[in-house]
Amino acid sequence: MSDNPDSKILGIDLGGTKILTAVANTQGKMLSRDHSITRAKEGQDVVVKSILESVGRALDQAHISAADLAAIGLGAPGLSNPETGILFTSPNLPGWKDVPLRDIIEKKLGKKAFLINDANAAAVGELYFGAGKGARNSIYITVSTGIGGGIIIDGKIYTGATGTAGELGHMVIDDEGPQCNCGNRGCWETLASGTALAREARHRIKEGAATSILKYADGKIEKINAEAIHEAAQAGDKLANELIAQTAYYLGVGLANLINIFNPEVIIIGGGLSNIGDILLEPAFKEAERRAFKQAYQAVRFARAELGRNSGVLGAAAFALEQTRSTGNRSK
Ligand SMILES: [Zn+2]
Numbered sequence: 005m006s007d008n009p010d011s012k013i014l015g016i017d018l019g020g021t022k023i024l025t026a027v028a029n030t031q032g033k034m035l036s037r038d039h040s041i042t043r044a045k046e047g048q049d050v051v052v053k054s055i056l057e058s059v060g061r062a063l064d065q066a067h068i069s070a071a072d073l074a075a076i077g078l079g080a081p082g083l084s085n086p087e088t089g090i091l092f093t094s095p096n097l098p099g100w101k102d103v104p105l106r107d108i109i110e111k112k113l114g115k116k117a118f119l120i121n122d123a124n125a126a127a128v129g130e131l132y133f134g135a136g137k138g139a140r141n142s143i144y145i146t147v148s149t150g151i152g153g154g155i156i157i158d159g160k161i162y163t164g165a166t167g168t169a170g171e172l173g174h175m176v177i178d179d180e181g182p183q184c185n186c187g188n189r190g191c192w193e194t195l196a197s198g199t200a201l202a203r204e205a206r207h208r209i210k211e212g213a214a215t216s217i218l219k220y221a222d223g224k225i226e227k228i229n230a231e232a233i234h235e236a237a238q239a240g241d242k243l244a245n246e247l248i249a250q251t252a253y254y255l256g257v258g259l260a261n262l263i264n265i266f267n268p269e270v271i272i273i274g275g276g277l278s279n280i281g282d283i284l285l286e287p288a289f290k291e292a293e294r295r296a297f298k299q300a301y302q303a304v305r306f307a308r309a310e311l312g313r314n315s316g317v318l319g320a321a322a323f324a325l326e327q328t329r330s331t332g333n334r335s336k
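Letter 324 of the sequence shown, counting from 1, is numbered 328 in the numbering used here, and no numbers are missing.
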């Protein structure tokens with residue numbers, strides 16, 4: 005972003021458990037950062053209050069007021085429409101339905117605000133300030149408990165007809181696969197996420213498989229997570245390695261689909277499970293290569309996300325700035 009570097013933007017990354025708020029300049033440099041608790045179980049009014057308190061602290065830390073901001077961007081989990089600013093539903097915010105979240109924040113802070121899905125925000129963050137810098141066409145995926153993502157086409161986030169595009173984790177890989185939270189079966193995230201990896205490990209252990217995985221989970225089957233399986237794999241555990249290979253396989257199948265459909269220059273991979281690193285990613289890329297069109301595979305570069313936990317908050321801020329420029333005075 006090349007305009008006035010003194011402009012300040014506020015980004016809010018609303019999660020199901022945490023809220024991250026930051027004031028940044030147009031180069032993505034953070035001038036302040038506040039980390040607080042969402043209190044999602046206490047309902048919408050309490051969450052809005054938490055957001056506003058977090059915003060207050062972030063503004064104070066940066067020694068500015070809301071009036072000094074060029075724009076406010078809010079990234080939120082679940083399905084939302086950036087055009088209308090309405091959050092339809094969110095698995096992380098129980099009870100929320102068709103909430104005009106953008107307008108609520110806008111009214112409380114007296115400054116123009118913009119709403120975007122959290123994973124889409126992270127994609128925009130990596131586009132402007134991280135691993136996607138300079139790319140016209142890129143895909144961002146975050147692989148953790150689920151799989152989220154964002155699609156950048158011609159340098160802009162693609163949000164679709166009603167704003168819900170980019171739900172990459174819900175592309176169906178196996179029509180008779182495991183039940184997904186969304187109601188469907190065999191979605192990508194039911195096969196290639198950290199949750200899927202842990203679920204398979206528990207299943208195999210209950211079946212009596214010989215493995216040392218439990219040793220890395222305090223001996224408790226319910227404590228098995230991706231890190232425990234990774235540690236066991238590094239220690240040479242056969243089942244752990246087999247399960248990671250299976251996750252990599254499904255990760256690769258999904259990547260091949262994305263490469264064939266979008267022909268991106270770069271696929272940026274973030275999220276907790278991706279921190280397992282090459283043991284997961286290298287075989288996934290090989291599987292993608294086996295399945296994707298050669299021309300498309302040769303054109304793509306895989307990159308690790310660079311902004312870590314700040315991708316969402318910086319992306320929400322960048323989205324707000326981009327929207328301020330492209331829409332000028334928004335009509336509704
Ligand atoms: Zn699903």
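Glycine included, each C-beta is placed from N, C-alpha and C at the ideal position.
Note that the coordinates shown come from a computational prediction; the quantities given were computed from them, not determined experimentally.
Here's the rule I'm using: 16 or more other beta-carbon atoms within 10 Å means buried, otherwise exposed. How should residue 64 be labelled?
When all chains shown are included, residue 64 counts as exposed.
Coil, strand or helix - residue 333 by DSSP:
Because residue 333 carries a pLDDT of 49, less than 50, the predicted location of this residue cannot be relied on, and the following value inherits that uncertainty. Here residue 333 carries a coil assignment [DSSP, helix/strand/coil].
Given this structure, state the Cα-to-Cα distance separating residue 6 from residue 221, to the nearest angstrom.
Only weak support exists for where residue 6 lies, its pLDDT of 47 falling under 50; the value from the coordinates is given anyway. Across the structure, residue 6 and residue 221 are spaced so that their CA atoms are roughly 49 Å apart.
What residue from 179, 48, 10 and 45 has the CA that sits closest to residue 34's CA?
Closest option to residue 34, Cα to Cα, is 10.
Does ligand 1 have even one heavy atom less than 7 Å from the beta-carbon of residue 279?
Not under cutoff, so the answer is no.
For residue 77, the residue or residues it bridges with in DSSP
In the DSSP assignment, residue 77 forms a beta bridge with 15 and 118.
Rounded to whole angstroms, what is the Cα-Cα separation between residue 207 and residue 289?
The alpha-carbon separation between residue 207 and residue 289 amounts to approximately 26 Å.
Return the residue from the list 19, 177, 243 and 174 that minimises the CA-CA distance to residue 205.
Scanning 19, 177, 243 and 174 for the CA closest to the CA of residue 205 turns up 243.
What distance in whole Å lies between the Cβ atoms of residue 148 and residue 256, which are believed to be in contact at a cut-off of 8 Å?
In this structure residue 256 is not in contact with residue 148, their Cβ atoms being roughly 18 Å apart against a cut-off of 8 Å.
Could you give the first and the last residue of the continuous alpha helix (DSSP H) run that contains residue 242?
Going by DSSP, residue 242 is part of the alpha helix (DSSP H) stretching over 242-266.
Beta carbon of residue 230 nearer than 8 Å to that of residue 262:
Against a cut-off of 8 Å, the Cβ pair of residue 262 and residue 230 comes out as no contact.
Taking 7 Å as the cut-off, is the beta-carbon of residue 188 closer than that to any non-hydrogen atom of ligand 1?
The answer is yes for residue 188.
For residue 251 versus residue 284, is the C-beta spacing smaller than 8 Å?
Contact flag set, yes.
On the three-state DSSP scale, how would you describe residue 97?
For residue 97, the three-state secondary structure derived from DSSP is coil.
Length at least 3, wholly inside the stretch 107-166: the beta strand (DSSP E) runs in chain order:
The qualifying runs are 117-121, 142-147 and 151-157.
Where the alpha helix (DSSP H) containing residue 198 begins and where it ends
Residue 198 -> alpha helix (DSSP H) spans 198-210.
Given this structure, state the Cα-to-Cα distance separating residue 15 from residue 26, to the nearest angstrom.
Between the C-alpha atoms of residue 15 and residue 26 there is a straight-line separation of about 5 Å.
Whose C-alpha, out of 187, 181 and 185, is nearest the C-alpha of residue 195?
Between residue 195 and the set 187, 181 and 185, the nearest pair of CA atoms involves 181.
What do you get for residue 76, buried or exposed, if any count of 16 or more other CB atoms within 10 angstroms of its CB means buried?
Buried, because 16 or more other Cβ atoms sit within 10 Å of the Cβ of residue 76.
Among residues of its own chain, excluding the 5 on either side of residue 266, which ones have a beta-carbon nearer than 7 Å to its beta-carbon?
Excluding its 5 nearest sequence neighbours in each direction, residue 266 has C-beta neighbours in its own chain below 7 Å: 141, 143 and 155, listed in chain order.
Just verifying my parser: in three-state terms, what is the DSSP assignment at residue 348?
One cannot answer for residue 348 here, as it falls past the ends of the chain, which runs 5 to 336.
Among 326, 325 and 311, the one whose alpha carbon lies nearest that of residue 146:
The candidate whose alpha carbon is nearest that of residue 146 is 311.
Please identify the residue among 90, 225 and 219 whose C-alpha is closest to the C-alpha of residue 78.
The shortest Cα separation from residue 78 among 90, 225 and 219 belongs to 90.
Within the present structure, is the beta-carbon of residue 174 separated from the nearest heavy atom of ligand 1 by less than 7 Å?
Yes, Cβ of residue 174 sits closer than 7 Å to a heavy atom of ligand 1.
For a test of the three-state rule: what should DSSP assign to residue 55, helix, strand or coil?
Correct three-state label for residue 55: helix.
I need the boundaries of the beta strand (DSSP E) containing residue 83, first residue and last residue.
Run containing residue 83: 83-85, per the beta strand (DSSP E) assignment.
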